[in-house]
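Novice: Residue numbers (the numbering used here): 4 to 90.
#1: On the CB-based measure, 16 or more other CB atoms within 10 Å of its CB, does residue 90 come out buried or exposed?
#2: From residue 37 to residue 77, what does the alpha carbon distance come to, in whole angstroms?
#3: Between which two residues does the alpha helix (DSSP H) harbouring residue 34 extend?
#4: Do you know offhand how far residue 3's Cα is from residue 83's?
Below is the structure:
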């Protein structure tokens, strides 16, 4: 069973009746904007320089971990302070 020209025509008429010509053209405009934005993003990604990778044996610096753990401790202290009822 293949889809014939009459079946496609009936489906197109039903879609136009349900959504109206204005809504369909608005949707197609949104699709076109999305495609344009996607292509622009691809071009920008190609233009970005490739970042320099660390050698396989090199570990990240310890300062980054201590900053994260310090920020987590500060967040936890702030939450505890907010959770305690004041008299």
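We put the beta carbon where it would ideally sit given N, CA and C, even for glycine.
Bear in mind that the values here come from a model prediction, so they are computed numbers and not experimental data.
Specialist: Walking through what the data contain:
#1: Note on residue 90: pLDDT 49, under 50, position unreliable in the model; the coordinate value appears next. Residue 90 should be labelled exposed.
#2: Residue 37 and residue 77: Cα-Cα distance of roughly 41 Å.
#3: Residue 34 -> alpha helix (DSSP H) spans 8–50.
#4: With the chain represented from 4 up to 90, any question about residue 3 goes unanswered, as that position is not in the structure.
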